[in-house]
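In the UniProt record's numbering, the protein residues as written are 1 to 429.
Next up, the structure:
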């Protein structure tokens, strides 16, 4: 639930995923990419301190009874001035904030303690703080500033990412090539490499969990949201099903997995970057999982005939069903498509951007559809929802009919009842 927050970003308000449902409802995040062409070594070898390498042995001490962070209450406003709201979710609010001593801008995630109803909720927060402290300072990973607690909230202060979201940046740019996709996936896999090197399995890699630090053309992407991440225990087989439906690895669904699952998720992202759609698609979550377990990947439909063999080779190796035979993150970064300039700068078919735009819009709509059922939306949020409904206006009438909404939600794999769809329709009418 953490991360580097974008000024553009709408924070989804769904609850956190359960242990038996990969299509999790999360306190989410979103992501963005860079088109920086690296001239230096392809990946960075992090050099963690002994304290970082053994951070998994450290727990938040309960030295202060009744507190979550195990330390005395502290007024965050003594250190930061909280400004406008950047996003709102089920567990709290994201604020733009300024450090009083330096006047530097950050993002502050204020989590309401009354929303943390179970021991697991509080343990999740402690673990995420631990993860961010452990990884902070590494390339392509959000900088963590600090955590504070008062009587009502836990406040997480971290780097402010103002660059927007991954797909939005690609779509807005218009021009898109294999080389651009290679530059993006190189940074994403570099995050996987750093996490694994430092003993962390992310478990929820997806485009939404990457943000650009600024709107500059060559800015760096940052990985965010380590709410499902865990420290890797040598020899342990992980069995809890977590992640997000399109990106979850087959071994996760089979309840027997390790860090190789992160490479699979990155492979799904690469497939989307090259084609505009996920490799495993269905109208229902159950159908998506079935397709993942079947493992049949389409390399015949457009634009794949025009995509280089080297790019397809990398996708195949990242989406290998057998986790033990799957390429590692270090091997991905050494692949010729990323290393030898085999990624073409020739524009990819514009239909890829169109499909990517639709896929992005549908994902946003699905999250908001779930949110509007759970709680009332503000007037501003409803305006944003209406704008996204425009993507479903199939007859270009300027309005969304009940049937168009129902059909659009079905394409998303939504299981909303007739009454819930009507409730959603009323919310934006």
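All C-beta atoms in this analysis are idealised placements derived from N, C-alpha and C, irrespective of residue type, glycine included.
Residue i burial status per 10 Å Cβ neighbour count (16 or more: buried)
i	result
residue 183	buried
residue 188	buried
residue 92	buried
residue 112	exposed
residue 72	exposed
residue 173	exposed
residue 152	exposed
residue 78	exposed
Cβ distance (whole Å) where residue i is taken to contact residue j below 8 angstroms
i	j	result
residue 323	residue 258	7 angstroms
residue 351	residue 302	7 angstroms
residue 262	residue 201	6 angstroms
residue 122	residue 68	5 angstroms
residue 141	residue 191	6 angstroms
residue 267	residue 319	4 angstroms
residue 107	residue 160	5 angstroms
residue 432	residue 336	This structure gives no information on residue 432, because the portion of the chain shown stretches from 1 to 429.
Start and end residues, alpha helix (DSSP H) containing residue i
i	result
residue 105	Element bounds for residue 105: not the alpha helix (DSSP H) but the beta strand (DSSP E), 105 to 112.
residue 173	166 to 173
residue 134	119 to 135
residue 197	178 to 197
residue 318	309 to 318
residue 154	Unbroken run through residue 154 is the beta strand (DSSP E), 153 to 159; no alpha helix (DSSP H).
residue 292	285 to 294
residue 267	260 to 275
Option in the options with minimal Cα separation from residue i
i	options	result
residue 138	126, 173, 195	195
residue 235	332, 199, 217	199
residue 255	227, 317, 293, 283	293
residue 163	216, 349, 287, 76	216
residue 328	306, 82, 172, 265	265
residue 131	248, 105, 226, 298	226
residue 105	268, 82, 135	82
residue 250	291, 347, 211	291
residue 114	347, 311, 206, 149	149
residue 356	271, 110, 346	271
residue 238	273, 100, 157, 260	260
residue 102	145, 193, 317, 332	145
residue 207	87, 247, 197, 218	247
residue 203	309, 117, 252, 214	252
residue 339	314, 326, 281, 359	314
Cutoff 8 angstroms: residue i Cβ touching any chain B Cβ
i	result
residue 232	This model lacks chain B altogether, as it is built from one protein chain only.
Extent of the continuous beta strand (DSSP E) run through residue i
i	result
residue 212	210 to 212
residue 248	Where residue 248 is concerned, there is no enclosing beta strand (DSSP E), given that its DSSP letter is neither H nor E.
residue 94	92 to 99
Sequence-distant residues of the same chain with beta carbon closer than 8 angstroms to residue i, five excluded per side
i	result
residue 84	95, 96
residue 353	170, 171, 174, 176, 276
residue 147	69, 129, 154, 155, 156, 157
Residues near residue i in its chain [Cβ-Cβ closer than 6 angstroms; skip 5 each side]
i	result
residue 54	Its pLDDT being 41, under 50, residue 54 is placed unreliably by the model, and the measurement read from it follows with that caveat. Taken in chain order, the list of residues that qualify is empty.
residue 363	none
residue 345	177, 179
residue 332	189
residue 185	270
residue 317	327
Chain-order list of residues whose beta-carbon lies under 7 angstroms from that of residue i (same chain, five-residue window excluded)
i	result
residue 232	199, 200, 201, 259
residue 349	302, 303, 306
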